[in-house]
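Positions in the sequence shown are counted from 1; adding 311 to them yields our numbering.
Shown next, in structure tokens, is the structure this report addresses.
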Amino acid sequence: MKKRVLLSIHPEYVDAIFAGHKGFEFRRVLFKEDVREVVVYATSPISRVVGRFKIEDIYEDSPSEIWAKTEALAGVTKEMFDTYFKGRAKAFAIKVSDPIRFSQPQPLSKYVPSNTPPQSFCYI
């Protein structure tokens, strides 16, 4: 069975994903299991589950190669990207597909019994 993950994402990036301006979500660490859907938790000050998207593909490479492949839909500046991956040999880019924003944000407790937002991600 394919799993879903809940990703914690900053509100400005959440807005860019659902507006279609950010086609990739970048990660320094990636889930190990077969995941095809992401449930989006917008971090503070929203602190709610606000939508979901399908994973079209996942790229794994050096940060410079990931930037070259994703720059057009990165949704972040090169400077921000470089800062995020500073000192890292490997970078991951999750290609966003079919993003859907929920009409009403949902409480985290609906997805995570502990009601504690994940530092990066958690399986749901």
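Heads up, the beta-carbon is just placed ideally off N, CA and C, and yes, glycines get one too.
Source: prediction; values computed, not measured.
Within this structure, are the beta carbons of residue i and residue j separated by less than 8 Å?
| i | j | result |
| --- | --- | --- |
| Arg338 | Pro374 | no |
| Lys406 | Gly334 | yes |
| Ile369 | Leu341 | yes |
| Leu419 | Pro410 | no |
| Tyr422 | Val325 | no |
| Glu348 | Ile366 | yes |
| Arg412 | Val361 | yes |
Can you give the Cα-Cα distance for residue i and residue j, rounded to whole angstroms?
| i | j | result |
| --- | --- | --- |
| Thr394 | Val387 | 11 Å |
| Ile377 | Ala402 | 7 Å |
| Leu317 | Ser408 | 16 Å |
| Glu344 | Glu336 | 17 Å |
| Phe364 | Met391 | 23 Å |
| Phe396 | Asp372 | 12 Å |
| Cys433 | Ile357 | 19 Å |
Judging by CA-CA distance, which residue of the options is the nearest neighbour of residue i?
| i | options | result |
| --- | --- | --- |
| Lys380 | Pro416, Ala404 and Gly331 | Ala404 |
Looking at the C-beta of residue i, does it have a partner C-beta in chain C at a distance below 8 Å?
| i | result |
| --- | --- |
| Thr388 | Within the model displayed, chain C is absent; a lone protein chain is all it includes. |
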